[in-house]
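Numbering (our numbering), first residue to last: -8 to 213. C-beta: ideal position from N, C-alpha, C; glycine also. The structure displayed is predicted, hence computed values, not measured ones. Reviewing the structure listed below.
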């Protein structure tokens, strides 16, 4: 397995693997006596407190998950799950229906595999604009949010319009120039503000929005 284990952990892990391969669920109260009995037969000296500590460590590291029959090392051996995982790695911030559409998989299959990937800490998820988006656990949420917005087609159009109107532009003018509802413009401007791509200047009767060109270049180069 990919996670490095010490000798005692390796022994307990092999017994847990045997236990789960019998189509049983990982429940600490049931697994502890099973492991204890197996170790006694092997004359391997780990007391109950030590067994619980090792199993708790496995759970904390997502090597096993309570209530599951699975082991982390087996998660990506399922072809469809591996396909979904790799797609998320290549497209951080991708949302659920995009995965369904692009991979041509049924919604319940995608939902099931996403839940397993999340349960075993392969992926994280967060909500942006009512979309649940998925990304690698190694990427921070701020970067995911930035990727989401600068990859969104409507945001791209807003950004291009802001580039042209570098003297500043109002929401109303953006809405007219892009034939986009004012509420939609507001939603995406709020998003672009969150990722620090905009500045705004309040005048007596209007608010002008400006694109931060250097910040945009920095995000696009990452």
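Considering only the beta carbon of each residue, do residue i and residue j sit closer than 8 Å?
{"i": "residue 128", "j": "residue 84", "result": "no"}
{"i": "residue 149", "j": "residue 165", "result": "yes"}
{"i": "residue 55", "j": "residue 2", "result": "no"}
{"i": "residue 134", "j": "residue 179", "result": "no"}
{"i": "residue 188", "j": "residue 207", "result": "yes"}
{"i": "residue 220", "j": "residue 141", "result": "This structure gives no information on residue 220, because the portion of the chain shown stretches from -8 to 213."}
{"i": "residue 78", "j": "residue 93", "result": "yes"}
{"i": "residue 130", "j": "residue 104", "result": "no"}
{"i": "residue 101", "j": "residue 119", "result": "no"}
{"i": "residue 191", "j": "residue 202", "result": "no"}
When burial is assigned at 16 or more other CB atoms within 10 Å of the CB, is residue i buried or exposed?
{"i": "residue 107", "result": "buried"}
{"i": "residue 88", "result": "exposed"}
{"i": "residue 99", "result": "exposed"}
{"i": "residue 49", "result": "buried"}
{"i": "residue 20", "result": "exposed"}
{"i": "residue 143", "result": "buried"}
{"i": "residue 115", "result": "buried"}
{"i": "residue 193", "result": "exposed"}
Out of curiosity, what's the CA-to-CA distance linking residue i and residue j?
{"i": "residue 137", "j": "residue 72", "result": "26 Å"}
{"i": "residue 57", "j": "residue 70", "result": "24 Å"}
{"i": "residue -3", "j": "residue 22", "result": "20 Å"}
{"i": "residue 62", "j": "residue 113", "result": "12 Å"}
{"i": "residue 195", "j": "residue 122", "result": "36 Å"}
{"i": "residue 161", "j": "residue 175", "result": "14 Å"}
{"i": "residue 14", "j": "residue 8", "result": "10 Å"}
{"i": "residue 45", "j": "residue 0", "result": "6 Å"}
{"i": "residue 28", "j": "residue 126", "result": "41 Å"}
Practice prompt. Go through the region 48 to 84 residue by residue and report every complete run of the alpha helix (DSSP H) that reaches 4 residues or more, in order.
Written response: 70 to 81
Item to complete: Answer yes if the region 153 to 161 comes into contact with the region 100 to 120, meaning at least three C-beta pairs across the two stretches below 8 Å, and no otherwise.
Response: no
Practice prompt. Kindly provide the ranges of any beta strand (DSSP E) runs that are 3 or more residues long and lie completely inside the region 87 to 133, ordered along the chain.
Written response: 114 to 119, 122 to 127
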